[in-house]
Every structure is written in C-alpha cells, then in structure tokens.
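Shown next, in structure tokens, is the structure this report addresses.
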C-alpha cells in the first residue's frame, strides 16, 4: 500500500450560476446555450482581465480548447481559432427534464493502490487571492517546510514568497502552516521557490528568481527556518545568452554529492530545459547544456530523479500532448535528446520522485513516481516506471475534477524512499470566491 498525503493550496475563484437565457452564436450559426450539456467555462482565474473568465464563455470539454482573448462586444477567440458571439435566445429557456429513475447499482470499484490523507494548507483570500508553485521539503524530526508564491495576480510586483514549517504529521497531528514569513523583496515579483534541506550541515536552502526579468538565480539559507541569510547570487542566465530563467522543481543530490537544480529558460521561445549544478556543496554553480528537443516552445519545466549510481532521468513538460524524457550519464552536465513518453500530460509542470513500491512477491522494489495533470488541469494522476523511465504504467488518480475548476503544479516528496509520499499542488474552486474584483458577465 502506498500512502499519500495530499497538500493542497486553494485559489479563490468566482462563484458561477448558469443563466439559461444567455447563449452564444458559434460557427455555422449554431446556438450554444450557457447551460448546454458538454460545455464548460474557461478554467482560468476570475480576476484576470486578459482572459474570458467571468464572461460566460464556454468550450467543448473534450477539445481541451479555451478562450485566449475577449473584447467588449462579447466575442471571444479560442485557441482552436473559433469565435463565439454572445447573444440572447429564447430557445435557451430550458424546461427541466423529469428525473431519471435509478438504474442498477454500479459494480464495486477495485481497491486503490494508495491510501490518501488530504490537507488544505492555504486558502486564497482578499489579500492574496492567487497562489502557485508550492514547494515542500522534509527537515529534522519529520518537520515539513513549505514555500509558495502569493500575489493579487500572477506577475504583479507584489508577488512574494511565503514560508512556513509544520511539525511532523505522524507524531504531532495534522499538517498546519501559517505562512507568516515573507522573503524580503528587492527587485519586485518573486518566482517559484524551491527548498532543499542539507542533512549533513542541517541547513535549509531556498532557491528562487526575482524581478521582471527573473534572470538571476538567488539562494537564501536558514538553520532554524526562522532566521535567513541575505540572498546570494548563484547564476545569471544572461551570461549564457538567455533572457530569463525559472527554477521549477526539487533539487537532487547524486551519490557522488553533486547538487543538481532543475530549471528552464522560460515559456516564450527561445527556451530550453537545463540544470544548474554544484560540485562543492553549494559554494559555486554552473549551468548544464540545454537539452535538445526541449527548445520547441512551451514551458519545459523539468523534474529530476536518480535512477542509479550512473544515471539520472528528467521528465519534461512538452509542447505537445505528452511529457518528454531525457537521461544523463555524466552527473547532469549533458543529456540525451528528449523524446516523448506515453504519458499524456502537458498542461502544468510534472513532478518526479524515486520511491519504494510493494512488489508482486510481497517485498519492495524501487521505482519512479511521476505526478502530472492528465490532458487538462482538471484531473491529476500518477504513473510509475520500474525501468528507469523507459516505460510508464498508470498508477493512481489524485484529483478526479469533482468540485474543482483545476488542479495544477504538483510537487512530490517521498520520505526516505519509503511507501509514503507528500504531494503538494494548487487547486481552484468555484465555491471559494473571495475576490471582489471578479468581472461580471451578465
């Protein structure tokens, strides 16, 4: 049995009520009612005026398409190129259908391979309606450190990194975080915190970028999770000819004590997945070569794991429908060209961990655990590989999409290669509306 502790942070969204007298005129003069079965509202934040959220714009669930812009006359453009114009149509006054008599009971579901405990560790509020990129790390005594970025809206100058520590959830009760600590802001918006606890020195590291150009990788350290050093520059992407960079996922330490931090050069082309590497315990850092096959646009957002003493593997968010994968045999400095996997996921960053799984013989075996969004950001699942990432099998569903608008940007942490994992991610829920700036659509 694999045990999961799901740690969710929640983003506030608009309450939504269907209006049966509002409709849209689509291609071929087809009228689409606002409560038309099979259509959903765009899954984006309610306070973003650059999207169609809050204006009643719908898209076919199966297509994965969503609106990319809207204008004041009510027309919205979708990624698929279609346009739908808001109209009012009496044909959309719907008479409720009589209830369907109950059918036979469904067959029982097969037992889940995981036991799940869920925690909500941050709720969006009127001060911080937006949060993303939650990161977790285990410290001494099983204490869990967490950091995430908070803002009134993504990329606003007030975007800050908040930090907190919870006691051991197995000995001291449920996970609780107060997120009262804020990283001092010097250059503006702060981005994508990543945490690493060095068990040898008992020092907690936080890596992040800052400012509108976010081209510099910074680090701060703490021995108690309360007092932090001043920030220290580790790497400037402009020195390598790139505009900006992000640090995306958990750092790993190889068997020969090489520190490797997954990064990318952004979502706008040109971009690429790469790694920032230290061979002297974090004193000096240098970038790896970009991974071929990750420079085709999109957000690469690599995640990293150790396969064995000579092999590393990275799973990368592709610019198509699936994740990509690459291997390194020289400690992370060079990588094989990325190739597509059989995992259908490319809508937020993946997370990769090395974990212990029960074997068919009753023992245990080491495998790789990938956590990712399936298709859209509505459903989140996990796949496992027992051959170093060559082949993947679906393992479990974390979020089914019930009661939420989206779940995204997971971070996984397996405790000492045990059958216990913490999966942290953000969700958006309609019922959590607290933002008074939501645009009206009616």
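Numbering (our numbering), first residue to last: 2 to 443.
Virtual Cβ for every residue (Gly too), placed ideally from N, Cα, C.
Keep in mind it's a predicted model, so treat the numbers as computed, not measured.
- The segment 217 to 234 makes no contact with the segment 306 to 313; the number of CB pairs closer than 8 Å stays below 3.
- Residue 332 carries a coil assignment under DSSP once its states are collapsed to helix, strand and coil.
- In the same chain as residue 319, and ignoring 5 residues on each side of it, the C-beta atoms closer than 6 Å to its own belong to 325, 347, in chain order.
- With a cut-off of 8 Å on Cβ pairs, the segment 270 to 279 is not in contact with the segment 155 to 165, counting fewer than three such pairs.
- For residue 325, the beta-bridge partners assigned by DSSP are 317, 341.
- The DSSP assignment places 365 to 375, 380 to 386, 394 to 400, 407 to 415, 421 to 430 as complete runs of the beta strand (DSSP E) inside the segment 353 to 433, in order along the chain (cut-off: 3 residues).
- Residue 385 and residue 268 have their alpha carbons spaced roughly 27 Å apart.
- In the three-state reduction of the DSSP assignment, residue 309 falls in the strand class, which pools E and B.
- The segment 234 to 242 and the segment 201 to 218 touch, with no fewer than 3 CB-CB distances between them shorter than 8 Å.
- In the same chain as residue 138, and ignoring 5 residues on each side of it, the C-beta atoms closer than 6 Å to its own belong to 146, 196, 198, in chain order.
- Counted as a single uninterrupted DSSP element, the beta strand (DSSP E) harbouring residue 116 occupies residues 115 to 124.
- A check of alpha carbon separations from residue 299 across 288, 313, 266, 328 identifies 266 as the nearest.
- By DSSP's assignment, residue 233 forms a beta bridge with 220.
- In the DSSP assignment, residue 279 is bridged to 260.
- By the Cβ criterion, the segment 288 to 298 is not in contact with the segment 349 to 365, since fewer than three pairs of Cβ atoms, one from each stretch, lie closer than 8 Å.
- In the three-state reduction of the DSSP assignment, residue 133 falls in the strand class, which pools E and B.
- Counting only the Cα atoms, residue 234 lies some 15 Å from residue 192.
- Here the alpha carbons of residue 231 and residue 393 stand approximately 42 Å from one another.
- Between the beta-carbon of residue 136 and that of residue 148 there is about 5 Å, and that keeps the pair under the 8 Å contact cut.
- For residue 207, the uninterrupted beta strand (DSSP E) segment begins and ends at 204 to 211.
- Beta-bridge partners of residue 183 (DSSP): 163.
- Straight-line spacing of the CA atoms in residue 279 and residue 403 works out to 43 Å.
- Cβ atoms of residue 180 and residue 123 come within 8 Å of each other, at about 6 Å.
- For residue 199, the enclosing beta strand (DSSP E) stretches over residues 191 to 199.
- Judged by DSSP secondary structure, residue 145 falls within the beta strand (DSSP E) whose first and last residues are 145 to 152.
- Approximately 5 Å separates the beta-carbon atoms of residue 248 and residue 264; this is inside 8 Å, confirming the contact.
- Rounded to whole angstroms, the Cβ separation of residue 408 and residue 396 is 17 Å, and the two are not in contact under 8 Å.
- Around the C-beta of residue 330, fewer than 16 other C-beta atoms lie within 10 Å, and the residue is accordingly described as exposed.
- About 6 Å separates the CB atoms of residue 411 and residue 424; that is less than 8 Å, so the two are in contact.
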